[in-house]
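Heads up: the protein sequence lines correspond to chains A and B, in order. Using this note's numbering, the first residue of the first sequence is number 29, and each one after it goes up by one. Using this note's numbering, the first residue of the second sequence is number 110, and each one after it goes up by one.
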Amino acid sequence: MALLTEDHSAAGFPRSHQVDPIPVAIRTRPPLDPEAVGRFAATDPPRGLDVARLKRVGGILRDRRLQFFLILPNQIIFWLVIAIGIVGTVVPGLNFATAITWYLWFCLVFVMMVVVGRAWCAMCPFGGFGEWVQRRTFFKRTTKSLGLGLKMPERVAQYGFLLSVGAFLVLTWIEEFFNIAGPGNPMATSFMVLGIVGTALVFFLTFERRTFCRYVCPLSALIGTVGAMGSVAGFRTRDRAVCLSCETKDCMRGDAEGFGCPWYTWPGSADSNAACGLCTECYKACPSDNIGLYLQPPLTSVVAPSRRRADVAWSVALLFGLVLYQQVNALGAFVSLDNWLNVHLHFPQYPNPVDYVGIIAAVAVALAAIGRLFSATFARRDLVLAPGGTSFVERTSKFRGYFVPLMYGIIPVVGADYFARQLPKFLRYVPRVPVSIGHLFGFGSTSSRLYHASLIASNAGIIAVQDLVIALGTAAAMWASWRIAGRDLAPLSRRPLAARIAATTLAGALGVVVAVLYVWMNAAN
Amino acid sequence: MTITETERVGTGRHVTVLVDRCAGCQECVIRCPAGALSMEPASWTARVDDALCVGCRQCVRTCPFSAIVVEGPLAVATRVDPPVRHPVELHANVTETRQGYATWEEAIAEANRCLACPDPTCVRGCPAHNDIPAFVAAVRDHDLETAHAILRRTTVLPDVCSRVCNQAAQCEGSCTWSLAGGEPVAIGRLERFIADQAVIPAPVVAESTTALSVGVVGSGPAAIGAAYELLAGGARVTVYERDDRPGGLLVWGIPDFTLPDQVARRPWDDLVAAGVDLRLATSVEPGDLDQLLEAHDALVMAHGAGQALRLTVPGADLDGVGTATAFLQGAKAALDPGGDPAAFCASLGVAPGRGRRVLVLGAGNTAMDVARLARRLGLEATCVDWLDERFALARPDELAEARSEGVDVRFSRTLTSLEGFDGRVVRALLSHTTQRDRASTPVVSPDGLDVLAVDLVVMAMGYRVEEGLRARVPQTPIVKRHRGFAPGRWSASGILANPASPVCFAQPVGALALDREVGLWEAAMPRRERLWAAGDALTGPSTVVEAMAQGRRAARAILDARPSREGRGRDAEAPAPRVLVAYASASGTTARLAEVVGDELRRAGATVSVLPVERVDALALAQADALVLGSWVEGLVVARVRAARAMRDFVDGLPWLGGRPVALFCTYGVNPRTAPAELAHQVEARGGTVVASTAFGAGDRAEDARIRPTKPEAFAHRVAAQVFAPRARAVVG
């Protein structure tokens, strides 16, 4: 308790001789008035959707043990995955490690990110474990941390989510190369999870806060971009004027009640849910009870942000490239191409890194070319953009003026595509999860009826579900593109309506391509 | 590489905003003293104009996400420092060695170095919280009257403090330039310039109908601070001083070459002229306190810490081994006009002359004073201290001056033993020590032993509060250490960032300043009923400015509380009793009950503040005449059932309550078991007097109960009866 200071004074005894004439001589300049800028109004979630106002919810959020209890079950499961993957049966469908990881978890993570946002980050055992070690506690507010506490060098940090995308691409290639996920390799799954835990731990002990989660975690960019569709806006300010006039910024620095934001996010300026890890620390730390946990209509964080980020746009393009690769690789033509490359490049097996990187890059470049085409076709002749900085995320150009909003608009297609891509495994094999759990206790085997059961067995059924998901995603993307283009592209364009129609058409066309690919894939895993 | 780059201008300074981490919170923008930072509306990040940047690095220290990097030199003029006066003839020369600014030009040139920081760290670094940027600006404006008025709000000893303060560890150490690794503004010298250029304003004496009578024990800086404040509040002040001269440490402990006599005498000349009843040669013994409390409405114990620490090494009882107190008093008298230095030396058993060496144990400011006085008596002087020189306790300029006067100062040495001949000390054996960091205790290294021929040994390792009085003032001396998390405003100011300056001599100025706050706020809390302590009596040996500030704080607490002794009628100006209701609530039930209790107490006539425990600060505590603590009960029906952890932590962190009435209530679901009793025990351990204690179950919480008064209301009535009882007695009496 910091009782012996004059700070946070809220006591109201009048006429006191004890009030210092110069308690602390703060004569700071007033902050820039947000109303004058008006930039946050469109991104603020509806005031009434603050679930932290509910007494019970508020009490739970204030409890320091909340995140520990969210992480703990996952922590147990993932250490079990590591152990059972190594010592358990080699039958993937019977091994708890492969069954839980590839048939259920991956799909659940996608559901959570589409519905909530960074819900997984709040309960992630990888970051959670690293954070426990770094903070030297499970849930208490501690002062001294373990490790070097370095900051991510700006040379890297300026690329935002792109390092995370790179990690995701590398991990996916490894997963494909060792065939870890489909139908599953228990021991390799263990080593992969162990590798992620180990890497996370190294980063947590080297850098401060959640640098790993913000910049490196393979899932961070995916959740950060696709999660923008989610209906949880995250922890946001209740009254921006209070945040701006706050002289302590405990939500960022931390105080006795909570740590400073581990994600480098300030609720006072957050305009999307992309970098809110839902860890509740800012809510606990705020001395003015001015932070709420807000819900928002779906797609708000896709459509509303006024500070559009180039790293998010390029992440979307690359992630779309990856998921398209994973669709294309189920086609016969790709198999021939991969084999041909392997023979000529003396590479042992699928996936050949050249076509892997080539296809992903080609998709990203194609999307960039579309952005360039948009700027060349629609940009006003007299368009002069405000000068940006020199960093990657700050630069401005006509190309970016079109490319970045367009990529935000197709987020729902990309999200739907990732989800649909997981569906065959989920629909076919998820009944094996209880079997694999039973197997741990001596019952449940490949002869179990449940082992051979499926939620949907037929390829046609699976394709129908996949294309339904894509149709929903495409519709959402078209709506989002129409809104985004109306706000962001129209002012730049000499033919605003045509630009909006073209942006919307782009989203629709990508959806059609993806849907057709699913038909051609014929429900391959 | 990055980021928000403007063209590097000719200054060589370059500021980089790491935009990926910049959250647009504007902490840097509102604190930049040069206006070099502004907001970029499109990206909502900070942007910088390198041409305006002065390189002070406040933005670096205050950014919550460390998103700013400043490169390049500081844009600040060379500090204007008058040269130290080196006496041509040291012997018997007590002329002041440090000089103030001689001209306005010098002072204004130095004042112009001040950045007038919007969130000035120097103000936090000053123990009295002087409004430094404001008085420096007044100097710049050539306005002495305003400068004095600004100083008078927070200090009554500008002439003294500007001479004796260790500014390098306080205001100047916390100066932005210092924290950035440069030379700080000469705040002490500017304060001295103000004090020397015009007469210090006389004490303000308020006309008052009050009969508040306050006794002050001691006449050092704490007593001076208290007396000024009490006079300004309309109280009658009686001061009891053991010596025949007022001033305490200022008079006998600080040599004239640092603090001239006329400066040290000035406060008491003014106070006596203003009506303070100064009773010299009046020793207050521990047994006299009760009698004094009968004679006065309140007592301020400001008797200082006058018991010198003695080293218990072999030979410590030899002739020629003494304490700093005796040496300082004797030497000062001997060097005063009309004194006889030779006779004093003879009384010590040493004759002045070449080769007569005084070994001074310690190398703090007192030790420096002893050694420098010894030099003025014609003796050789060697100071030894077991601390590493990097962590020396003496002010750096004092150390430099002592060395320039020929004092041999040896750090990393400790006295192992003293050897004598014919019962008189002749030789000292000194072991070498090593010290890893500031917080660690030096350790004696096995190799290295100095043998020093000595004629006199003076122990100047420090003082402690005299045992007799200490025993009558509960919970003193306090531990002046801030525990827990630094308050947000302190972190936000950037003062707690590691200083880059060698001027800070390896001291964490911010942490030290925060620790000093503990002393300041503890001074506002009574140690027992109607008795406050301040200065060294409260904290153990400390500094003049801290003692003065604590004395003022204690006096203001007395003026706030308006205590009255038995038999005196109630003070006409006495406010309604103030009750602080502090609660720890999980679901809101305890908070609602706290409000119910608070409302009832308001109806009874008390001034009430109802706060959750995490919002209770020192001011609220110091102002409260009584506390009501309400807590929910945690645990599982029978296991670990006790008051909530937040409440237990709160009570543990309370300053000494000095017998204040405290009422307790717990709210429970099934059974409170021993929670109220355990909490009461905890409160009593912090010096509180538990006047009521109860627990409210589910049935007691009904807000629309048909029975009036409800149980919480009845509890409030009981509390009110206890809170008002002493006052009622006083009125009747």
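Ideal Cβ positions, reconstructed from N, Cα and C, are used throughout, including at glycine.
Just the Cα atoms here: how many angstroms apart are residue i and residue j?
| i | j | result |
| --- | --- | --- |
| W213(B) | C168(B) | 32 Å |
| P447(B) | D365(B) | Residue identity differs from the one stated: residue 447(B) is Gly in this sequence, not Pro. Taking the straight line joining both Cα atoms gives about 15 Å. |
| N301(A) | M141(A) | 11 Å |
| R465(B) | S392(B) | 37 Å |
| C245(A) | V393(A) | 24 Å |
| P684(B) | D734(B) | 10 Å |
| V541(A) | A407(A) | 27 Å |
| A435(B) | A713(B) | 57 Å |
| A341(B) | H251(B) | 28 Å |
| T523(B) | R237(A) | 44 Å |
| D352(B) | C454(B) | 23 Å |
| G76(A) | R266(A) | 10 Å |
| G515(B) | E489(B) | 8 Å |
For residue i, which three-state DSSP category applies?
| i | result |
| --- | --- |
| V126(B) | strand |
| T776(B) | strand |
| A243(B) | helix |
| F471(A) | coil |
| G282(A) | strand |
| R662(B) | helix |
| W291(A) | coil |
| H790(B) | helix |
| R388(B) | strand |
| I128(A) | helix |
| W641(B) | strand |
| E704(B) | helix |
Grab the span of the alpha helix (DSSP H) containing residue i for me, first residue to last.
| i | result |
| --- | --- |
| R481(B) | N474 to R485 |
| M220(A) | P214 to T234 |
| M180(A) | Note, M180(A): premise wrong, no alpha helix (DSSP H); not H, not E. |
| D624(B) | V618 to E631 |
| W107(A) | L94 to V115 |
| T171(B) | Q167 to T171 |
| V742(B) | That residue, V742(B), is in no alpha helix (DSSP H); its beta strand (DSSP E) goes A735 to L745. |
With respect to the beta strand (DSSP E) encompassing residue i, which residues constitute its N-terminal and C-terminal limits?
| i | result |
| --- | --- |
| A562(B) | V552 to A562 |
| P721(B) | T716 to P721 |
| V421(A) | Segment: none, V421(A) is in no beta strand (DSSP E) and carries neither H nor E. |
| A752(B) | A748 to A752 |
What do you reckon, is the C-beta of residue i under 6 Å from a heavy atom of the ligand NAP?
| i | result |
| --- | --- |
| R519(B) | Ligands in the displayed structure: none, and consequently the ligand NAP is not present. |
Inter-stretch contact at 8 Å, needing at least 3 Cβ pairs: the stretch 226-240 of chain B / the stretch 536-551 of chain B: Taking 8 Å as the limit for Cβ pairs, the verdict is that the stretch 536-551 of chain B does not touch the stretch 226-240 of chain B.
Report yes or no: do the stretch 370-379 of chain B and the stretch 687-702 of chain B share at least 3 C-beta pairs separated by less than 8 Å? No contact exists between the stretch 370-379 of chain B and the stretch 687-702 of chain B.
Meets three-Cβ-pair contact criterion under 8 Å: the stretch 117-134 of chain A and the stretch 209-219 of chain A: Counting Cβ pairs under 8 Å, three or more are found: they touch.
Which residues of the stretch 135-160 of chain B have a Cβ closer than 9 Å to any Cβ of chain A? Give them in chain order. Flagged, chain order: Q135, E136, V138, I139, R140, C141, G144, S147, M148, E149, P150, A151, S152, W153, T154 and R156.
Spell out a yes or no on whether the stretch 149-164 of chain A and the stretch 265-280 of chain A are touching, meaning 3 or more CB-CB pairs, one atom from each, closer than 8 Å. These segments do not touch.
Would you list, in chain order, the members of the stretch 679-710 of chain B that have their beta-carbon closer than 8 Å to a beta-carbon of chain A? Of all residues in the stretch 679-710 of chain B, the ones placed with a Cβ closer than 8 Å to any Cβ belonging to chain A are P684, R687, L689, A695, S696 and G697, in chain order.
Kindly confirm or deny that the stretch 561-581 of chain B and the stretch 409-416 of chain B touch, where touching means at least three C-beta pairs closer than 8 Å. Here the stretch 561-581 of chain B makes contact with the stretch 409-416 of chain B; the two share three or more CB pairs at distances below 8 Å.
Give a yes or no on contact between the stretch 651-660 of chain B and the stretch 329-336 of chain B, applying the rule of three or more CB pairs nearer than 8 Å. Look at the beta carbons and you see the stretch 651-660 of chain B touching the stretch 329-336 of chain B: at least three pairs across the two are nearer than 8 Å.
Along the stretch 590-605 of chain B, what residues have a CB closer than 9 Å to any CB found in chain A? Look at the stretch 590-605 of chain B: the residues with a C-beta under 9 Å from a C-beta of chain A are H591, R592, G593, F594, A595, P596, G597, R598, W599, S600, A601 and S602.
Okay, do the stretch 736-750 of chain B and the stretch 776-788 of chain B touch, 3+ Cβ pairs below 8 Å being the bar? Enough Cβ pairs lie closer than 8 Å, so yes.
Using a Cβ cut-off of 7 Å, which residues of the stretch 250-279 of chain B contact any Cβ in chain A, in chain order? Within the stretch 250-279 of chain B, the qualifying residues are R262 and T263.
Could you please tell me which residues of the stretch 61-89 of chain A, in chain order, have their CB closer than 7 Å to any CB of chain B? For the stretch 61-89 of chain A, residues whose beta-carbon sits nearer than 7 Å to a beta-carbon of chain B comprise V65, R67, K83 and G87.
Any C-beta of chain B within less than 7 Å: which residues of the stretch 290-303 of chain A qualify? For the stretch 290-303 of chain A, which is checked against every Cβ of chain B, the residues closer than 7 Å are Y292, T293, W294, G296 and S297.
Is the stretch 191-206 of chain A touching the stretch 88-105 of chain A, taking contact as three or more C-beta pairs under 8 Å? By the Cβ rule, the stretch 191-206 of chain A does not count as touching the stretch 88-105 of chain A, because fewer than three pairs are nearer than 8 Å.
Which of the residues in the stretch 138-161 of chain A, read from start to end, lie with their CB under 8 Å from any CB of chain B? So nothing in the stretch comes that close.
Using Cβ-Cβ distances below 9 Å, what residues of the stretch 111-129 of chain A are close to chain B? Hits within the stretch: zero.
Taking 8 Å as the cut-off, does the stretch 123-130 of chain B touch the stretch 146-162 of chain B (at least 3 CB pairs, one atom from each stretch)? Below 8 Å, enough C-beta pairs join the stretch 146-162 of chain B and the stretch 123-130 of chain B to call them touching: three or more.
The stretch 234-242 of chain B / the stretch 279-287 of chain B touching (three or more Cβ pairs under 8 Å): They touch, by the three-pair rule.
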